[in-house]
Each structure stands twice: as structure tokens, then as C-alpha cells.
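Here's the structure we're looking at; comments come further down.
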Amino acid sequence: MSARSKLPAQGPKPPFWRDPAKRALAFQLVLVAAVAAFLLTIIGNTQDNLAARGITTGFGFLTNTSGFGIVQSLIDYSSQSTYGRTFVVGLLNTLLVSGLGVLAATIIGFTVGIARLSPNWLIARLANGYIEIFRNIPLLLQIFFWYFAVLRAMPSARESLSLGEVIFLNVRGLYLPQPMFESGFGLIPLALAIAIVASIALLIWNKRRHEATGQRLPAGWIALALIVGLPLGVLVVTGVPVTWDIPELGGFNFRGGITVIPEFLALWLALSIYTASFIAEIVRSGIQAISHGQTEAAQALSLPQGLVLRLVVVPQALRVIIPPLTSQYLNLIKNSSLATAIGYPDLVSVFAGTTLNQTGQAIEVIAMTMAVYLTISLLVSMFMNWFNARVALVER
Amino acid sequence: MSYKNNKLVMLTSVAALVLGATSTAQAATLDDVKQRGVVQCGVSDGLPGFSAPNDQGEWQGIDVDVCRAVAAAVFGDSEAVRYVPLNAVERFTALQSGEVDVLSRNTTWTTTRDTTLGLNFAGVTFYDGQGFLISSDLGISSVQELDGAAICIQAGTTTELNVADYFRAHEMQFDPIVFDTSEQTVGGFEAGRCDVLTSDTSQLAALRIQLSDPSGAMILPEVISKEPLGPVVRQGDDQWFNIVKWSLFAMLNAEELGISSENVDEMTNSENPNIARLLGQDGNYGEGMGLSADWAYNIISQVGNYAEIYDRNVGLNSPLEIERGVNALWTEGGLQYAPPVR
Ligand SMILES: N[C@@H](CCC(=O)N[C@@H](CS)C(=O)NCC(=O)O)C(=O)O
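So the sequence lines, in the order shown, correspond to chains H and Y. Heads up: the first sequence is residues 1 to 396, going by UniProt numbering. Heads up: the second sequence is residues 1 to 342, going by UniProt numbering.
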């Protein structure tokens with residue numbers, strides 16, 4: 001294009017339909033108009049349909065009282081809350097299981113992926129076995145396995161398995177002690193924040209100094225010591241202002257502490273383990289994609305092994321790993337909607353399930369639910385693209 | 001597990017509402033049904049006594065008999081029904097979008113459902129109320145003692161709302177453990193995931209006999225709500241609404257007049273004008289609904305009167321053994337009352 005536009009104009013100007021740029025613009029306008037017309041027809045048609053059938057429409061229901069309870073909620077919720085709040089509760093539950101799922105799947109996936117390449121025959125075989133088993137069993141079955149075969153087989157509340165009489169596991173879930181912060185505890189997060197800011201400053205300063213003078217401190221270790229040490233120090237100085245609320249058997253159930261419901265456990269385990277098997281393969285192939293010559297060349301420069309990995313192998317491998325990793329994260333988030341199959345109160349279950357049914361406003365509810373998944377997925381993609389652009393090898 | 005089915009029904013139903021042409025909304029259901037040759041009837045996933053397949057895979061139950069009565073009235077053939085099992089969450093969308101012609105699935109008649117969903121309730125098949133099923137060895141005898149209990153409930157039901165109301169009104173706490181199908185709800189109760197299972201009392205009786213050890217569970221005495229269960233149709237098609245409504249009334253009137261599937265043939269010679277009108281011997285009362293004069297005769301001879309369907313499905317001749325109670329005819333001190341045929 002640029003080369004051509006530099007040519008002197010010859011002869012009369014071509015008519016606009018011969019000009020590819022204008023023609024493309026015209027086609028795009030036609031396409032946009034067609035899509036808009038299509039959407040308008042659909043929306044109009046839907047409204048007519050619903051009105052003709054006497055079905056209530058609109059989003060007014062979001063301010064009505066929901067009238068039903070939800071077993072797990074990260075915010076205050078009761079049957080007196082609105083459907084709008086039900087939506088938020090469901091959304092947070094979805095984000096909780098997806099977020100922790102992504103975290104666990106990444107850790108397991110990277111570990112297994114690297115183990116798969118281990119020179120130790122047994123470790124490599126075990127990792128391979130893990131991948132082949134969990135990758136090839138449908139996710140729904142794995143959820144059912146954890147929920148029905150494992151967690152349903154736990155003893156009753158009275159016969160709970162216990163770990164040191166503070167952690168309990170039974171058919172109703174996992175009961176953990178909950179830290180109760182007393183006054184003065186606020187200093188500890190403050191200390192942590194100060195430590196983090198100081199560490200970042202130190203790392204930047206160290207990098208500049210290294211580039212300028214070639215000298216450097218073991219800044220990573222200093223930062224780690226700061227981040228761990230400072231809050232710990234404050235904790236000791238303030239006399240440990242934390243007490244633990246330990247779950248106790250009373251009435252029907254354990255009370256106090258943190259309750260992790262078995263529906264959450266089953267879903268989280270299944271999502272993490274299943275997705276990790278795919279991530280492991282991605283990590284393995286990413287590392288193997290880097291030709292061995294790269295490592296040898298780096299070693300020939302007498303770089304220490306850690307730097308070979310950090311400066312040569314990992315940046316190149318990440319370039320291969322991150323795009324498929326993103327799709328795995330997106331899959332995990334969307335797969336979390338299988339929650340309804342075991343009754344975990346995620347967005348699909350409490351909103352596209354119960355709320356839809358109690359209000360009868362299928363279109364609004366389904367549209368909102370789809371919009372949520374779309375938004376989450378787009379945000380994750382955007383973040384991963386940004387991350388990729390930052391960490392992956394920048395070619396010059 | 002109806003999981004796959006669930007998602008699909010929901011999405012296709014919503015798609016039908018979005019894409020469907022406006023004109024179909026008011027189309028005569030009767031014409032569609034006749035053209036198709038079967039009545040599409042929404043039933044439960046399997047609730048003994050109400051709607052569940054038997055050993056031969058044939059659907060049975062009091063809700064199923066309502067479907068059969070409609071088919072008998074329309075086609076003179078009570079077998080001309082296609083049953084569509086629906087869980088609580090998907091049932092209304094399936095009816096709204098035309099996936100089923102009538103929903104006969106232990107569904108409670110409430111204001112919201114009757115006035116905002118574009119649906120109409122055509123009568124009451126069974127007057128019910130919500131109760132609680134607990135394991136006998138808990139040693140509990142009243143709902144008032146359930147503070148802090150974990151309660152298994154089915155999603156998208158009035159049950160879910162009533163239990164929240166009741167516990168709030170009595171300042172008690174509970175953990176709602178909510179499942180999509182009755183199979184899972186019962187499974188959760190049996191495995192000890194929850195202390196209590198709550199549902200309409202008739203359904204508790206049905207679910208109880210499905211337990212591996214029915215004697216280990218008992219129904220608490222309290223009934224905390226009104227649950228009039230009946231067939232539902234789409235709003236805006238009065239003819240079809242009338243057909244379903246009067247199919248139910250025909251069975252009630254038959255019981256009141258002493259007509260049963262056994263004596264219906266003799267009864268066609270009856271001198272009693274009420275009987276003659278119902279059985280089409282005097283006048284044609286089917287005409288106004290687009291049916292033949294023997295519409296009610298077909299219902300009674302093929303399906304039976306209300307007492308027959310009650311007794312064989314949920315009453316004393318069934319494993320559920322539920323007394324007639326409020327479901328007795330008005331002449332016997334109950335609530336079941338049908339307008340006269342004339
Ligand atoms: N009558 C209530 C409850 C109906 C209901 O769904 N009850 C459950 C009892 S656990 C049931 O019938 N489940 C059978 C199924 O899902 O197929 C309503 O209309 O909301």
C-alpha cells in the first residue's frame with residue numbers, strides 16, 4: 001500500500017467501486033447495518049412475543065425480594081435480600097471457585113508438566129499417568145466422582161474425621177478454625193504493605209545499579225526476608241492479637257470456624273485436577289519447543305543453571321505456553337457452571353436456575369448470565385495478552 | 001440424571017421465545033395437537049404416585065392421568081400422549097415456549113405463576129401442603145426443633161420459598177442444600193448431607209417409599225403451607241384452557257354422579273339428566289370446546305373418575321396410602337368441587 005501510494009497519479013481517478021479501500025469500507029457499512037437490523041428485529045420480535053403471551057418483561061425484578069436462602073455466600077445475604085443481590089452472590093461464588101481453581105490448576109499443572117520431563121524414570125511415568133488419566137475422563141464424571149464417591153462416603157457429623165481436634169471432615173463438609181482478629185491486628189497488613197512497597201523499590205534500585213555499575217545485591221532474598229519478617233516481627237511485638245474460632249459440634253452440626261461445603265470441594269478438586277492435566281501438557285510442550293541448542297549455547301557462555309532457565313529457556317517457552325494456557329483458564333471458568341449438577345450455588349445455579357424459575361423472566365436472566373461469562377472471559381483474555389506481551393520474549 | 005436434558009430444554013426454550021414468530025403465540029393449541037396426533041404433556045422426572053415410569057416404562061400417576069384424560073377427550077385415545085419429563089426449574093419455560101401443551105407436574109398454583117408467566121392454572125388435581133421428612137433416630141418430633149439443621153430442597157420450587165419464610169418467622173437458622181432433581185435431593189438426604197428433606201407432604205410420602213429404608217424416616221406433623229397442585233396451560237388460548245379444565249371437572253363430576261370406568265357403559269342408559277348430559281346422551285357439551293359429544297365418556301371409560309385415579313395412584317390402593325382428607329368431594333366434607341355440566 002505505502003509503496004503504491006507513493007507512485008505519481010496516472011490517468012483519471014478510478015471510480016469508487018474500483019478503489020479497494022472504499023469498496024471495503026462500503027462492505028463493512030453494509031455488514032454493520034445488516035447486523036444492527038438483525039438485532040433490532042430480534043429484540044422487537046422478542047418483546048412482541050412476550051407481550052402477546054402475557055409474560056412480564058424488564059429488569060424490575062432485580063429489586064424484588066428473593067425469598068430463598070443460599071448456603072454459601074461471600075457477602076451478607078438472607079431470604080430478605082433482592083434478586084439483584086442473589087445475582088452478586090452467585091457471581092462471587094463462581095469467581096471464588098474459578099479463581100481458586102485457576103490457582104490450583106496452574107500450580108499442579110506446572111509441577112506435573114515439569115515432572116513429566118524429569119530424567120527420573122518413575123517421576124516422569126507418574127506424571128504421564130496423571131495426565132493420561134485425568135485428561136481422558138469427562139469432567140462431569142470427575143465432579144460426580146469427588147462428590148458422590150469420595151465426599152458422600154465421609155462419616156456423619158458425630159463421627160467426623162479430625163485433625164488434632166481443630167480441623168474436621170465429614171459428609172457435611174470441611175470445618176476449619178477461623179482466625180479472629182483483635183484490635184491492633186490492623187498493624188500487620190500495614191506492615192506487609194510497607195514491606196511490599198520497600199521490596200519493589202529495592203528491586204528497581206538494584207536493577208538500575210546493576211545496569212549502571214554491574215554490581216548488585218541479592219535483592220530477591222532481601223525482599224523475601226522483608227515481606228516475611230516485617231509482619232512476623234509486628235505480630236510478635238503486638239503480642240499475637242489473633243484468637244482462633246475452632247469448630248465445635250453442637251445441635252445438628254459443627255458451629256463456628258469456617259465451613260467449606262462439599263459441593264465446593266468436589267467442584268474445585270475436579271476443575272483443578274482436570275484442567276491441570278491439560279496445563280501440564282502445555283508446559284511440557286512449551287519447554288520441549290525450545291531447541292536444546294539454546295541451553296547449550298547459554299551454558300557455553302558459562303551462565304549458571306538458574307539463569308539459563310530464567311533468561312533463556314523460560315522467556316521463550318512462555319511465548320509458546322501462554323496462549324494455550326489462556327484457553328485453559330477460560331475453559332475452567334466456563335466449566336465451573338457444571339456446579340448445578342451437584343448443587344454448588346454458583347451463578348448458573350442460583351441465578352439462571354432458581355431466580356429464573358421464581359421470576360419466570362428467562363430471557364433477561366439468561367442474557368445477564370451470558371453477559372457475565374462473556375465479560376469474565378474477555379477480561380481474562382485481555383489480562384493474559386497483556387501478560388504475554390510483558391513476559392514473553394521480546395524479539396528485536 | 002437429567003442434567004444434559006435440563007440445559008438443552010432451557011436453551012431451546014429461550015431460543016424459541018427469542019426467535020419464534022409472533023403469530024404462533026395465539027395459535028389454537030387444539031389444532032396443533034390434532035395435527036400432531038399426540039398431546040405433549042410435561043411431567044416430573046419421576047415422582048411415584050404423581051408421574052413416574054413403571055417397570056414396563058409406561059408413565060403412571062395422578063398427574064399422568066390428567067394428561068391421559070386430556071388425550072381421551074381430544075382423540076378418544078388416552079394413550080395419545082407424549083410425556084416430557086421436566087425438573088422444577090425448566091418446567092415453565094418449556095410450557096411458555098410450546099415444548100409442551102400442558103404441564104401436569106405437581107405444580108403449585110401461585111399469584112406470580114398465574115399472572116406474570118403468561119400461564120393459566122386449569123384447576124386443582126391435588127390439595128397439598130409442605131411438610132418435613134427426617135430420619136427417625138434423630139428423636140425430633142416438631143419442626144420447631146430444627147434450628148440450625150441442613151435442609152435438602154429442590155431448586156425452583158415454592159418449597160424453597162416457604163421454608164425460608166417459615167424459618168425466618170420463627171427466628172431459626174438453616175442451611176439450604178439445593179438440588180436440581182428429586183433423585184439428587186433424596187440422595188443428599190440418604191447420604192446424610194442434610195438432616196431434613198422438605199417438600200409437599202404427598203411428595204414426601206412418595207420419596208419416602210423410594211428410600212432404601214423407608215421405616216428409618218418419618219414425616220413431621222406440621223404442614224407449613226398451602227400447595228394446590230394442578231395442570232397449567234399457556235395464557236391466551238381459551239379453548240385449550242377449557243379443554244384441560246373440563247377434563248379434570250369431568251372426572252370429578254363422574255365421581256360425584258357415581259360413574260366409574262366399570263359402570264360407564266350401563267350409565268349411558270341412565271335416566272339421570274346430569275349423567276346423560278355428562279356422557280353426551282343429552283346434548284353435545286363437547287362442541288363448545290371443539291370436541292365430540294362423547295368427550296367425557298372417553299375420559300371416564302379409559303381413565304376413570306377422580307376417586308379411581310386418586311385411589312390407584314396416591315390413595316389407599318397405592319404404596320403412598322394417602323387418605324382422601326381435603327381431597328375428598330365437597331359432598332364428603334372435602335374441597336374437591338366441580339361446576340355442573342349443563
Ligand atoms: N409444588 C412445588 C414443588 C414441586 C416439586 O418440584 N417437588 C419436587 C419434590 S422433591 C419434585 O416433584 N421433584 C420431581 C422432579 O424434579 O422431577 C412447586 O410447584 O414448586
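Every residue, glycine too, gets a C-beta built ideally from N, C-alpha and C.
- Around the beta carbon of Y:R113, 16 or more other beta carbons sit within 10 angstroms, so the residue counts as buried.
- Look at Y:D195: its beta carbon is at least 6 Å from all of the heavy atoms in ligand 1.
- Bounds of the alpha helix (DSSP H) holding H:F134 are W121 to N136.
- For H:G67, the three-state secondary structure derived from DSSP is coil.
- Residue environment: Y:N317 is assigned as exposed (fewer than 16 neighbouring CB atoms within 10 Å of its CB, all protein chains considered).
- Residue-level contact check: Y:D237 does not touch chain H, since none of the beta carbons of chain H fall below 7 Å from its beta carbon.
- What Y:F189 touches in chain H, judged by beta-carbon distance under 8 Å, is nothing: the nearest beta carbon there is about 11 Å away.
- Of the residues H:A198, H:F68, H:L330 and H:I366, the one whose Cα lies closest to the Cα of H:T106 is H:L330.
- Taken atom to atom, the span from the alpha-carbon of H:F254 to that of Y:G192 is near 14 Å.
- Taking a contact to require three or more Cβ pairs closer than 8 Å, the region 216 to 233 of chain H and the region 185 to 196 of chain H qualify as touching.
- For H:M368, the enclosing alpha helix (DSSP H) starts and ends at A362 to V391.
- Under the DSSP assignment, Y:W240 falls in the alpha helix (DSSP H) whose first and last residues are D238 to L257.
- Setting aside the 5 residues that flank it on each side, Y:E222 is surrounded in the same chain by V143, each with a C-beta closer than 6 Å to its C-beta; the list follows chain order.
- A Cβ of chain Y is located within less than 7 Å of the beta carbon of H:S156.
- Listed in chain order, the non-local C-beta contacts of Y:S136 below 7 Å within the same chain comprise G216, A217 and M218, local neighbours out to five positions each way being set aside.
- When only Cα atoms are considered, Y:E227 and H:A352 end up about 24 Å apart.
- For the pair H:R216 and H:L203, the Cα-to-Cα distance works out to about 10 Å.
- Counting along the chain, H:E263 sits inside the alpha helix (DSSP H) bounded by residues P262 to Q288.
- When DSSP states are grouped into helix, strand and coil, Y:S135 belongs to the strand group.
- Annotated three-state conformation of H:E182 is coil, per DSSP.
- With contacts defined as CB atoms closer than 7 Å, Y:G286 and Y:W295 qualify as a contacting pair.
- With its beta carbon less than 7 Å from one in chain H, Y:F179 belongs to the interface.
- The nearest non-hydrogen atom of ligand 1 is less than 6 Å from the C-beta of Y:S182.
- The residues L226, I227 and L230, in chain order, have a CB closer than 6 Å to that of H:A195 in the same chain once the five nearest residues on each side in sequence are set aside.
- With its beta carbon less than 7 Å from one in chain Y, H:V171 belongs to the interface.
- Note on Y:S247: 16 or more other CB atoms within 10 angstroms of its CB, so buried under the neighbour-count rule.
- Taken atom to atom, the span from the alpha-carbon of Y:V33 to that of Y:C41 is near 11 Å.
- Taking 7 Å as the cut-off, the beta carbon of H:T86 is found closer than this to the beta carbon of H:V350.
- Between the alpha carbons of H:L325 and H:L100 lies a distance of about 16 Å.
- Contact annotation: in the region 33 to 65 of chain H, residues whose CB is within less than 8 Å of a CB in chain Y are I42, N45, T46, D48, N49, L50, A52, R53, G54, I55 and T56.
- Against chain H, a Cβ distance below 7 Å from Y:G148 picks out G251, F252 and N253.
- If you look at Y:C194, you'll find it isn't in any beta strand (DSSP E); DSSP assigns it neither H nor E.
- Contact of H:N136 with chain Y is not assigned, every C-beta pair being separated by 7 Å or more.
- In terms of CA proximity to Y:N272, Y:L257 leads the group Y:L257, Y:D238, Y:L291 and Y:G283.
- Here the distance from the Cβ of Y:L47 to the nearest heavy atom of ligand 1 is below 6 Å.
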